[in-house]
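Structure, as structure tokens:
Protein chains: 2
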Amino acid sequence: MTTATETLQGDEELSLVFSALGNPTRRSIVRRLALGPATVSVLAEPFRMTLPAVSKHISLLERAGLVHLERRGRSRLCTLRAEAIVEAESWLESCRVYWTDTLDSLARHLEDGDAPQGGS
Amino acid sequence: MTTATETLQGDEELSLVFSALGNPTRRSIVRRLALGPATVSVLAEPFRMTLPAVSKHISLLERAGLVHLERRGRSRLCTLRAEAIVEAESWLESCRVYWTDTLDSLARHLEDGDAPQGGS
DNA sequence: GGTTAAGTTAACTAAATGGTTAACTATCAA
DNA sequence: TTGATAGTTAACCATTTAGTTAACTTAACC
């Protein structure tokens, strides 16, 4: 069995993760799973939509590598995959770091009396 | 003038931010902006798509609150809004924290000989 | 004023999303 | 074996997305 992390290119996986989190229903599911594993029907309970709809959301989360599905008798146990969360978080952090560094160097330039104006 | 943060509900804004980052072109633009502000045409340069396409991506990033657009003569200067990045990052972090806490309490339960099986 | 440069808006298209209902599969229980 | 439970798959629909080309606006330049 191959995991999403193995088969997908990093960039492609990031797209799937961020897109998945772009939907409020799926974010709710992820928050719920952050508290601990749960079955599909338990996850579906809070929502007014049909089970197939929730099922599709969960499949999408799985394809994105955000949840892991495991057969437990006739139900399926969903577990949050922290790795995917961490990867997305790292990407955001790297952007923030660059940005902060830029501000720092900007401040230095200003102190030198230099006028920075971002070209290519 | 009202900013996206003021007019949008937090949940709705998170949706826009994550969806925006779900696209590789827009992530590229964000990474570029992390190095410093840039005009629309400069941002468009690396891509093989037309200017209107890039323009729409940038508008979307603006609606999501990820970039700030400012008129500079006949061109527009785009700046990354770190607040939006931080908000998304915080959401992810909160999930990770819960998850870690859950693992901790799971470990405690196991030490007590208790069998935890995630119900509602 | 006329032209070029920078960018947006409009109108269109193909594909993906998010939902529905209906039918199906698989497991547990009587 | 019959039936209920848990969930997926299929077929469909409306809306959104990501791109295109063509036309428009606005500011700088001669």
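Quick mapping for you: the protein sequence lines, in order, are chains Y and E. Numbering follows our numbering, in which position 40 of the first sequence is assigned residue number 40; successive positions increment by one, without gaps. Numbers in our numbering are just positions in the second sequence, counted from 1, shifted up by 120. Every residue, glycine too, gets a C-beta built ideally from N, C-alpha and C.
Alpha helix (DSSP H) containing residue i: first to last residue?
i: Thr220(E); result: 202-231
i: Leu189(E); result: Note, Leu189(E): premise wrong, no alpha helix (DSSP H); beta strand (DSSP E) at 187-192.
i: Gly10(Y); result: 10-21
i: Leu35(Y); result: That residue, Leu35(Y), is in no alpha helix (DSSP H); it is neither H nor E in DSSP.
i: Pro172(E); result: 171-183
Starting from the C-beta of residue i, find all residues in its chain whose C-beta is less than 7 Å away, skip the five residues before and the five after it, and write them out in chain order.
i: Ala84(Y); result: Val17, Ala64, Gly65, Leu66
i: Phe167(E); result: Thr145, Val174
i: Arg27(Y); result: Leu21
i: Leu69(Y); result: Glu62, Arg76, Cys78
i: Ala158(E); result: Arg152, Cys198
Mind pulling the chain Y residues with CB within less than 7 Å of residue i?
i: Asp131(E); result: Pro24
Measuring only between beta-carbons, confirm whether residue i sits less than 8 Å from chain E.
i: Ser120(Y); result: Its pLDDT being 34, under 50, Ser120(Y) is placed unreliably in this model, and the coordinates cannot settle the point.
i: Ala107(Y); result: no
i: Ser15(Y); result: yes
i: Arg71(Y); result: no
i: Leu92(Y); result: yes
i: Arg27(Y); result: yes
Starting from residue i, find everything on chain Y with Cβ-Cβ shorter than 9 Å and list it in chain order.
i: Ser139(E); result: Phe18, Ser19, Leu21, Gly22, Asn23
Check whether chain Y comes within 8 Å of residue i, counting only Cβ atoms and requiring the distance to be less than that.
i: Arg168(E); result: no
i: Ile205(E); result: yes
i: Val174(E); result: no
i: Arg151(E); result: yes
i: Thr122(E); result: With a pLDDT of 44 at Thr122(E), under the threshold of 50, the modelled position of this residue cannot be trusted, and the question is left open.
i: Ala208(E); result: yes
Which residues in chain Y sit within 8 Å of residue i, going by Cβ to Cβ distance?
i: Leu200(E); result: Cys95, Trp99
Leaving out the 5 sequence neighbours to the left and right, which residues in its chain are closer than 8 Å to residue i when beta-carbon positions are compared?
i: Asp131(E); result: none
i: Leu33(Y); result: Leu43, Val67, Cys78, Thr79, Leu80
i: Ser19(Y); result: Ala64
i: Leu51(Y); result: Val40, Ser41, Ala44
Taking residue i as the query, report the chain E residues whose CB atoms sit under 7 Å from its CB, ordered along the chain.
i: Leu35(Y); result: Tyr218, Thr222
Checklist entry - Does the stretch 93-107 of chain Y come close enough to the stretch 215-235 of chain E that 3 or more CB-CB pairs lie under 8 Å? => result no
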